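Engineer:
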Amino acid sequence: MKCYIIIMYMVLMLLTGCSGQQTGWQTGDVILVRAIGVDRLDTGVRISAAAGRSGSDVPVPALQADGVSVADGVRELGTKGDGFVHLGHANQLLMGEAFVQDGAGPLLDFIARDRQIGPGARLWVLQGGTAEQGVAGDVAADVSARLERLAEAGGGAGPEIECTATRLMSAMARRGSVPVPALRWEGDTLQPVGYAVLRQGRLVGFLDREQSLGVELLCGRGANQVVTATLSNGERIGLRTKRTDVLCTPNIRNGRLQNVEVRCTASLDVVQGGSLTTQQRQQVVQQVELELCRRMAGALAFAQFWNADFIDMEQMVRSGCSAREWDGVDWDTEFRTLSLRAAADIRVAWPPDMMEEEG
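Taken in order, the sequence shown gives residues 230 to 588; the numbers are from the numbering used here.
#1: Just verifying my parser: in three-state terms, what is the DSSP assignment at residue 547?
#2: Who are the near neighbours of residue 369 in its chain, counting only those whose CB is closer than 7 Å to its CB and skipping five residues on each side?
#3: Among residues of its own chain, excluding the 5 on either side of residue 438, which ones have a beta-carbon nearer than 6 Å to its beta-carbon?
#4: Considering Cα atoms alone, identify which of 521, 330 and 360 is closest to residue 427.
#5: Would you grab the beta carbon distance between residue 527 and residue 454 for me? Rounded to a whole angstrom, and I think it's under 8 Å.
#6: Decide if the region 386 to 398 is in contact with the region 408 to 417; the criterion is three or more beta carbon pairs, one per stretch, under 8 Å apart.
#7: Rounded to whole angstroms, what is the Cα-Cα separation between residue 562 and residue 357?
#8: Could you check the C-alpha separation between residue 274 and residue 326 for me, to the nearest Å?
#9: Would you mind stating whether residue 495 and residue 574 have Cβ atoms separated by less than 9 Å?
#10: Could you have a look at residue 359 and say whether DSSP puts it in helix, strand or coil?
#11: Does the contact criterion of 3 or more C-beta pairs under 8 Å hold for the region 336 to 354 versus the region 304 to 324?
#12: Mind checking who residue 295 pairs with in its DSSP beta bridge?
#13: Could you pull out every residue in the same chain whose Cβ sits closer than 8 Å to the Cβ of residue 305, ignoring the five residues on either side in sequence?
#14: For residue 446 versus residue 477, is the C-beta spacing smaller than 9 Å?
#15: Can you list, in chain order, the residues of its chain with a C-beta nearer than 7 Å to that of residue 260? Leave out the 5 residues immediately preceding and following it.
#16: From which residue to which residue does the alpha helix (DSSP H) around residue 390 run?
#17: Report the three-state DSSP secondary structure of residue 346 (helix, strand or coil).
#18: Grouping DSSP H, G and I as helix and E and B as strand, with all else coil, what is residue 477?
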């Protein structure tokens, strides 16, 4: 009888999932993944992770696993730690350059189907390297916090435009393009270097810092940009943008889209310089407007060269057309050769001590 009871007890233990060995959840030994790297391999993908232990500030060594798919790699990653590996806290996704050249679709498919990683996680592209290096480098223990600081910094210290998994999914659904913040190793630190442009989820190229400033202006996210004007006497006047807006005005004649004017309006504060005459202030305004136009024109040139409308100009132009006018526009065909003109209007808040009295 006792033997029968013991056997039944053991069967019940197995059926309810109980065992003598406690899981990570039961012991509180949970490894919280905060940043994930994804790289392409000849045989599939490599998943890397920077993590910390639940209830402790002590980081754990970077985790790494390979698989034929993202799902396989993540499943294998769960066996690498000495506790339960939890992906739900991962809010930074770093993609290697080779991976996004093939396309970010496999990662987005995993996020959409598996739901272990939130779709609001921020995406980054590591230029000239692998995500494994970004996650498991000298700053691996702080990579998640580093990326969070960059995402919130702005003002030239970090990207003003963020790209989440949701945003990239939306762009891919409409066969569109999107800028994704790019990073590069400088010494032993990950530094922002502009944006990677993904068209239909695949990398088409990188924009440098100056071109990226143009993208931010075109997207209405150009606050905190520094612009310097040089007067004829060599004096340098420094200004910083406070707010920027952009308006696209299409010119349609005979039922055809002829050209588009892209006009940026900006308000700026002076951060450096002495008193100026009216003529000198006018010179500063002209130089700043030209510089803003130059930045926007550089970004527009690459958008057309790659045939990647990563500033979503289509929507801005469409809003400036009537339904009948837009019916005659084949944007996918016309965008690459469309005549685009960048223009800028600025307003400077001149401090009283900079406004020189003129007799």
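The beta carbon of each residue, even a glycine, is placed where N, CA and C say it ideally should be.
These numbers come from a predicted model, not from an experiment.
Structural biologist: Judging by the given coordinates:
#1: helix
#2: The predicted model places residue 369 with a pLDDT of 43, which falls under 50 and marks its position as unreliable; any figure quoted below should be read in that light. Correct list, in chain order: 279 and 291.
#3: 423
#4: 330
#5: Not confirmed; about 14 Å, so no contact.
#6: yes
#7: 32 Å
#8: 13 Å
#9: yes
#10: coil
#11: yes
#12: 275
#13: 276, 294, 295 and 296
#14: no
#15: 280, 282, 289, 310, 312, 313, 314 and 315
#16: First-last for residue 390: undefined, no H or E at that position.
#17: coil
#18: strand
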